[in-house]
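Just so you know, we're using this note's numbering here: the sequence shown kicks off at 280 and counts up by one. Ideal Cβ placement from N, Cα and C applies to all residues, glycine included. Read through the structure below, which is laid out as structure tokens, and then see the notes.
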Amino acid sequence: MTVHILKLCVGIDSIEHLIEVRRGREQQLPDGTPYNFHITRFRPKRAAEILDGGSIYWIIRGFVQLRQRIIALEPIETDNGTKCKIIMDTKIFRTEGQPRRPHQGWRYLETSDVPRDIAESEKTDDMPEEISRTLREMGLL
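Written out as structure tokens, the structure reads:
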């Protein structure tokens with residue numbers, strides 16, 4: 280059964296900001312596949328469930344707004360010991376805005392609780408972010 284990760288996007292102001300940052304940090308796997316990554320202190324205990332089609336859902340300004348598919352979880356040695364490198368697909372999917380409170384680190388997100396992806400035809404790119412956020416808070420988007 281698939282499980283996902285929920286992560287607060289610290290230092291990111293908008294959807295566009297995260298997309299820009301991720302685009303600038305792309306790397307390549309040995310086979311040439313592009314990927315993004317995020318380093319976290321602990322490897323998830325439910326790794327097998329995450330690697331069974333899981334995604335990382337990004338919280339931006341109090342709302343889950345984006346997700347990236349998780350490709351792999353790898354140990355990485357740092358000056359502070361072993362950490363976990365979450366390797367993600369570079370494709371970023373927008374999701375329905377789902378309000379979330381701030382939290383430390385990451386949390387598991389069960390499949391039954393994930394916000395649905397927003398289809399290209401439903402996107403409100405022409406709407407200013409502030410208006411879009413206000414409408415989401417009111418439950419109108």
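Helix, strand or coil: how does DSSP classify residue i here?
i       : result
Ser-293 : coil
Gly-303 : helix
Thr-319 : strand
Leu-285 : strand
Would a C-beta distance cut-off of 8 Å place residue i and residue j closer than the cut-off?
i       : j       : result
Asn-315 : Glu-305 : yes
Lys-286 : Ile-335 : yes
Tyr-387 : Arg-346 : no
Ile-365 : Thr-413 : no
Pro-354 : Thr-374 : no
Phe-321 : Cys-363 : yes
Gly-332 : Ile-284 : no
Leu-352 : Pro-313 : no
Met-367 : Ile-349 : yes
Tell me, please, which residues DSSP counts as bridged to residue i.
i       : result
Ser-431 : The question about residue 431 has no answer here: the residues shown for the chain are numbered 280 through 420.
Asp-396 : Thr-374
Ile-339 : Phe-342
Pro-313 : Gln-307
> Taking three-plus beta-carbon pairs below 8 Å as touching, is the segment 342 to 357 in contact with the segment 368 to 383?
Replying inline: yes
>> Please give me, in chain order, every unbroken run of the beta strand (DSSP E) with length at least 3 that falls completely inside the segment 350 to 393.
In response: 360 to 378, 385 to 389
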